[in-house]
């Protein structure tokens, strides 16, 4: 499963930073939780109450259609979800019911 990160303004996700993130996760978490890939995003989708929408994004990346995963009306920042919809489409996963 990939890791999506939001960096401070002006910072870019370099190979060196990716390696540092992976090392920190391995050191302070476990090797099992080191992501397969790390991607920089502008923002993470959040609910109206401000919670990260981790489960809907995960379901989307596993092939569930965007319409079944989340409603734009339930999001504080629905435009941020579009990045993840396009990302999932590029994976060419079979659609899950």
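Residue numbers (the working numbering): 16 to 112. No residue lacks a Cβ here, since even glycine has one placed at the ideal position from N, Cα and C. Computed from a predicted model, the values in this text were never measured in an experiment.
Among the residues of its own chain, which have a CB less than 8 Å from the CB of residue i, if the five just before and after it don't count?
i	result
residue 57	21, 95 and 98
residue 67	59, 60 and 61
residue 92	58, 60 and 61
Indicate the three-state DSSP secondary structure (helix, strand or coil) for residue i in the structure shown.
i	result
residue 84	helix
residue 70	helix
residue 18	strand
residue 29	coil
residue 53	strand
residue 64	coil
Candidates the options: which alpha carbon is nearest residue i's?
i	options	result
residue 25	77, 60, 63 and 55	55
Output yes or no for whether 8 Å exceeds the beta carbon distance between residue i and residue j.
i	j	result
residue 51	residue 16	yes
Buried or exposed: residue i, going by 16 or more other Cβ atoms within 10 Å of its Cβ?
i	result
residue 34	exposed
residue 70	exposed
residue 46	exposed
Looking only at its own chain, which residues have a Cβ that is under 6 Å from the Cβ of residue i, when we skip the five neighbours before and after it?
i	result
residue 84	71, 74 and 75
residue 19	54 and 56
Ignore the nearest five residues each way along the sequence and tell me which others in residue i's own chain have a CB closer than 7 Å to its CB.
i	result
residue 65	91
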